[in-house]
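Written below as structure tokens is the structure these notes are about.
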Amino acid sequence: MNPLGRSPTAKNVRGRRQAAFTMVEIALSLAIIGFALVAIVGVLPLGLQVQRENREETVILQDAQVWLSAIRAGARGYDDLTNAVETITVHWADWSMNGTLLGQGRDLYTRTNSDITSISPPPFLPLTNGYTIVGVLSTPRYVYLPNVFQPVAFRSNYVVAHVRAFSGSAVEKFPQRDPAVEELAFRYRMVSEVMPYTHWDTNWIAFDATGLSPAEMVQRSNYWWVTRNLHVNLHEVRLLFTWPLRPNGQTGNGRMVFRGAVSGVRSNAGPLNFFHPGTFARYP
């Protein structure tokens, strides 16, 4: 007799347990995935924007070193610049001693033509070589006329260049002539300002100060000669970059300024100006 009261032929049938995700778990998982997607979509454009800005600033930093080097050295053989510079415009104005505007105009230089109104007769100077490009960019911010008794006391110049960057992706560079690629290439606006060095204390040369001794008069006279030499032989170059340059001529929010000093005499040949850097030797 079976003590358990079961038939010896009976089989123990064990039911299979059914397992699955509950609706709460599914909803929680979908919420986590959705939150992650929103975070990625929200941060990705910001990351791409930062990457683009860093790339553009790197291009400007590299180009600025070339421009400063060319202007400070009075370079004449940078013919590769013709592949980058599109136009240069010099806005000039003549002023009297009391600050009255006497006349103004614009000199325009392109790759195929030039329209010069500052001198007569106007020369033909298209941007076909580095000599012209560096010469125009070295135009001084202010040109003082030697004869102060003339109606015109000085001329102000505002030099603006539209440049396609020569640093960066090689696909955008010369000899690329595809209009679609050239239109999308990174371009910037550069303002060049060349001014004589004037950062000294004017009290050094104040001969009209009261109570000056003969020794102080001699000292101030020596300072006067120093400042005269600095005014002629030391200049400051300031380059202002704004980018990106859009097809309508407007620029974006990018902005950087570079400064450098030039030790040398400036000479001019018509509307072109060049520096002749000073050379120094060790004195035994």
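Heads up: the sequence shown runs through residues 243 to 526, numbered per our numbering.
In this text, a Cβ means the ideal position worked out from N, Cα and C, and glycines have one as well.
(request) Report yes or no: do three or more beta-carbon pairs, one from the segment 437 to 457 and one from the segment 399 to 417, lie closer than 8 Å? (result) no
(message) Can you list, in chain order, the residues of its chain with a C-beta nearer than 8 Å to that of T452? Leave out the 5 residues immediately preceding and following it.
(response) none
(request) Give every residue of the same chain whose Cβ lies closer than 8 Å to the Cβ of S311, excluding the five residues on either side of it in the sequence, and list them in chain order. (result) A317
(request) Quick one: residues in its chain with C-beta nearer than 8 Å to the C-beta of W337, no 5 flanking neighbours on either side, listed in chain order? (result) L343, L344, V394, A395, F396, R397, S398
(message) Restricting to Cα atoms, I'd like to know which of H404, W309, G289 is closest to F500.
(response) W309
(request) Spatial neighbours of T440 within its chain, please: CB distance less than 8 Å, with the 5 preceding and 5 following residues excluded, ordered by chain position. (result) H473
(request) Report the residue from R353, I358, P368 whose alpha carbon sits nearest the alpha carbon of W334. (result) I358
(message) Counting C-beta neighbours from all protein chains within 10 Å, is the total for Y384 16 or more, i.e. buried, or is it exposed?
(response) exposed
(message) Would H518 and V504 be called neighbours here (beta carbons separated by less than 7 Å)?
(response) no
(request) Give the secondary structure of A412 by DSSP, where H, G and I count as helix, E and B as strand, and everything else as coil. (result) helix
(request) Would you identify the three-state DSSP class for H473, choosing helix, strand or coil? (result) helix
(message) Could you compute how far the alpha carbon of A252 sits from the alpha carbon of V266?
(response) At A252, the pLDDT of 49 sits below 50, so the modelled position is not reliable; the number obtained from the coordinates is stated separately. Taking the straight line joining both Cα atoms gives about 41 Å.
(request) Could you give the DSSP three-state label for S374: helix, strand or coil? (result) The identity of residue 374 in the sequence shown is Thr, whereas the question assumes Ser. Helix, per DSSP.
(message) Quick check on DSSP: helix, strand or coil for R508?
(response) strand
(message) Taking 8 Å as the cut-off, does the segment 404 to 417 touch the segment 459 to 471 (at least 3 CB pairs, one atom from each stretch)?
(response) no
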